[in-house]
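Asker: Quick one: this structure, given as structure tokens, is what I'll be asking you about.
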Amino acid sequence: DSAYQQNWVRAITSKWGAAADGGVRYYILDNEPSLWHSTHRDVHRTGASMDEVRDKILDYAAKIKAVDPSATVVGPEEWGWSGYLLSGYDQQYGSVHGWSYLPDRAAHGNADYLPWLLDQLRASAIATGQRPLDVFSVHYYPQGGEFGDDVSTLTQVLRNHSTRSLWD
């Protein structure tokens, strides 16, 4: 839990110092929370809701900043279009029941997941005077066959072109 993680940050800063003094600079709040029900089935069988991810970010980030205010906190580190638009709860629900109704989205005014989350974090920063995240981070996996060991010109062009799916 977050208290355990806070003790871990204390141990890190007691050994290497605060971020401002050359210690650990970045704390990344896990990876791909919208896939926890798939990648961490043993501990998180139900997809993470929008509220759960927001609450965990607020809790863990506050615990890190309480120990090392100079640390840079990064998250949510989501993975691609599904992870940008749909909570883990809705990804799991939609894959079983179809995509025409998504309960978590419906409970949040039909908002897309990451824009909603970013707005919630902004509201928290305004209310508390402290930004929970310093870096709002996502990553992306193109889905067009550009992975592998092939280094041919054609594959390199495909890899470069794959980023167009982010804006086309």
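Converting from the sequence shown to our numbering requires adding 1334 to each position, the first position being numbered 1.
Ideal Cβ positions, reconstructed from N, Cα and C, are used throughout, including at glycine.
#1: Could you check whether the segment 1415-1423 touches the segment 1360-1379, counting it as contact only if at least three pairs of C-beta atoms, one from each stretch, sit closer than 8 Å?
#2: So for G1381, helix, strand or coil by DSSP?
#3: For G1381 and Y1447, which I take to be in contact (beta-carbon distance under 8 Å), what is that distance rounded to the nearest angstrom?
#4: Given a cut-off of 8 Å, decide if V1408 and V1469 are closer than it, judged by their beta-carbon atoms.
#5: Is I1391 closer than 8 Å to L1492 when the C-beta atoms are compared?
#6: Starting from I1398, follow its DSSP beta bridges and name the residues at the other end.
#7: May I ask which residues mark the beginning and end of the alpha helix (DSSP H) holding P1410?
Answerer: In this structure, then:
#1: Flag = yes, the segment 1415-1423 and the segment 1360-1379 touch.
#2: coil
#3: Between Y1447 and G1381 the Cβ distance is about 11 Å, and since that is not below 8 Å, they are no contact.
#4: The Cβ atoms of V1469 and V1408 lie closer than 8 Å to each other.
#5: In this structure, I1391 does not lie closer than 8 Å to L1492 by Cβ.
#6: I1398 pairs with nothing; no bridge assigned.
#7: P1410 -> not in any alpha helix (DSSP H); beta strand (DSSP E) instead, spanning T1406 to E1412.
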